[in-house]
Structures are given as C-alpha cells and as structure tokens.
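Visitor: One structure, pasted below without further comment.
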Amino acid sequence: MNYYVYGKEYREEIDKGLAKDSTIAYLWQQRAMPLFKQGKYELGMSYIDKAVKYDPFHWMPYRAFIKCIFAQTYRDAIADFEKCRTVLGNAYVMDHTYNFYIALCKLQLNEFEDAERMLETEVDSQAVLYGDGLVHHLDLFYLGMSKYELGKYEEAVSVFDRALEKYPQFSDVQYYKSYCLLRLGRVEEAEALFALAKENGRAGYTINEDNEVYERYPYQVRWSHIRRPLQSGAPRT
C-alpha cells in the first residue's frame with residue numbers, strides 16, 4: 000500500500016521497520032525527508048544523523064546538501080562536504096558537485112574570493128570534461144554572483160551572458176546583470192533588462208532545481224517583493 004509521505008500512516012510504517020531493525024539507514028532518511036520539506040529542520044536532522052551513523056558515506060552527502068540548502072547551517076555543511084570529498088573525491092549530490100555546494104556556502108558566509116576561486120575551477124573543469132556547451136547554467140549564475148559581490152561588474156556581465164546562452168529566460172541572472180549594467184553606467188540597457196527580468200520572473204523562469212519548490216536558493220529573487228523600478232542601491236531579493 001502507498002502512503003502519503005507527510006501523513007501519520009507513512010511515519011507509522013517507517014517506525015515499524017525501525018522497530019525491527021534500527022540499523023537500516025534508508026529508513027532513517029525516509030523518516031527525515033518529509034520533515035525537511037515541511038521546514039522542520041531540527042527534528043529532521045535528528046533522523047538524518049542516524050542515517051549517517053549507519054551508512055556514513057552514502058547519506059553524509061545528502062545531509063550536507065540539506066544543511067546547505069534547507070537548514071542553512073553553512074559551516075556545518077562545509078565540514079560534511081569536506082569529509083565526503085576526502086573519501087569520495089569531488090563527487091555529485093543532487094546534480095552538483097561537493098565543491099559547488101561548498102562555494103554556495105562560502106557565498107552565504109561572505110567569503111567571496113574563495114567562492115569565486117572554487118566556482119571558476121568548477122566551470123573550467125566542466126568545460127574541459129564535457130565542453131563549454133554543457134557547463135551548468137547554475138554554476139555560471141553563482142560564479143557571476145561571486146564576481147558581482149567583489150565589484151567585478153564587467154566580468155560578472157560576461158559570466159551572466161554565458162548563463163543566459165544556456166537558459167535565455169533565467170530571470171535571476173537578468174536581474175543581477177541589470178544591476179551590473181547600472182553600475183557600469185549602461186542605464187538604458189539596465190532598465191530594459193530589469194523589465195524583462197520581472198516579466199520572466201513572474202512567469203516562473205527562475206532557478207529550476209528540483210528542491211526549489213521547498214526552499215529558496217541563495218540569491219534567488221523573490222519576485223513578489225520587487226515592486227519598485229530599477230534603483231541605484233543594492234538589489235532586493
């Protein structure tokens with residue numbers, strides 16, 4: 000029988016399995032997963048910690064991802080990812096490498112130079128391995144954001160353009176690029192792009208990760224909050 004994952008019956012079935020064998024890491028992860036998607040991070044973390052206890056390097060990358068995107072405990076996420084990287088190399092979890100997520104954590108901790116360096120390495124590695132056409136647009140978005148935060152507006156525009164080649168309606172990229180153009184004195188271009196970004200953002204062209212429906216990603220624009228025209232100050236998100 001299939002149960003609704005957020006329902007009491009689902010929890011009860013998982014608990015029955017754990018009562019028979021509390022060392023099955025997958026069951027602990029299944030106990031945790033619905034809680035994270037409901038925003039109950041502290042409770043969910045108590046269960047995912049058990050999954051990591053019984054199958055460390057299968058579930059530690061997942062826990063690190065949760066710490067980065069959901070719980071937003073960035074230093075703890077970095078510690079987990081670095082442990083995983085020691086054993087598994089710069090592997091993937093949820094479609095991106097450990098170093099990608101470490102760089103996101105660095106951005107959120109205002110360690111912009113480290114984030115820029117790591118994301119440049121990620122983008123260059125993808126280009127070498129798969130060709131420039133298969134570099135992920137999200138890696139480029141966050142590389143552009145690291146350059147934006149460092150005041151490297153020309154470089155940020157160049158990187159944002161690469162992201163837009165892959166995802167032309169990517170509203171978050173258009174939004175931050177418009178602020179770069181404004182700072183470079185290209186006011187008419189900035190205003191036109193800002194208007195297009197609002198149109199695309201309100202049409203739903205934003206970060207398209209699977210878990211974006213549960214959590215806002217770093218620098219993801221809240222389009223419902225953007226009511227004023229393009230301004231010379233820092234962008235609102």
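Number 134 in numbering that gives the first Met the number 0 belongs to position 135 of the sequence shown; there are no gaps in the numbering. Glycine is no exception: its CB is placed at the ideal position from the N, C-alpha and C atoms.
1. According to the neighbour-count rule (16 or more other Cβ atoms, all chains shown, within 10 Å of its Cβ), is residue 6 buried or exposed?
2. Starting from residue 96, follow its DSSP beta bridges and name the residues at the other end.
3. Buried or exposed for residue 109, going by 16 or more other Cβ atoms inside 10 Å?
4. With a cut-off of 8 Å, do at least 3 Cβ pairs link the stretch 116-124 to the stretch 63-82?
5. Looking at C-alpha atoms only, which residue of 184, 186, 159, 228 is the closest neighbour of residue 173?
6. Using the Cα positions of residue 156 and residue 105, report the straight-line distance between them to the nearest angstrom.
7. Grouping DSSP H, G and I as helix and E and B as strand, with all else coil, what is residue 119?
8. Could you spell out the range, first to last residue, of the alpha helix (DSSP H) harbouring residue 203?
9. Among 74, 182, 56, whose alpha-carbon lies nearest the alpha-carbon of residue 86?
10. Could you spell out the range, first to last residue, of the alpha helix (DSSP H) harbouring residue 211?
Guide: Well, looking at it:
1. Indexing the sequence shown from 1 puts residue 6 at position 7. Classification for residue 6: exposed.
2. Within the sequence shown, the letter at position 97 stands for residue 96. 91.
3. Indexing the sequence shown from 1 puts residue 109 at position 110. Counting Cβ neighbours within 10 Å, residue 109 comes out exposed, since fewer than 16 surround it.
4. no
5. One-based indexing of the sequence shown puts residue 173 at position 174. Measuring from the Cα of residue 173, the nearest candidate turns out to be 159.
6. The sequence position of residue 156 within the sequence shown is 157, counting from 1. The sequence position of residue 105 within the sequence shown is 106, counting from 1. Each residue's alpha carbon lies about 21 Å from the other.
7. Against the sequence shown, residue 119 aligns to sequence position 120. The answer is helix: DSSP assigns residue 119 an H, G or I state.
8. Taking the sequence shown and counting its residues from 1, one reaches residue 203 at position 204. Where residue 203 is concerned, there is no enclosing alpha helix (DSSP H), given that its DSSP letter is neither H nor E.
9. Locating residue 86 in the sequence shown gives position 87, counting from the first residue. Per the Cα distances, 56.
10. Your numbering for residue 211 matches position 212 in the sequence shown. From DSSP, residue 211 is part of no alpha helix (DSSP H); its letter is neither H nor E.
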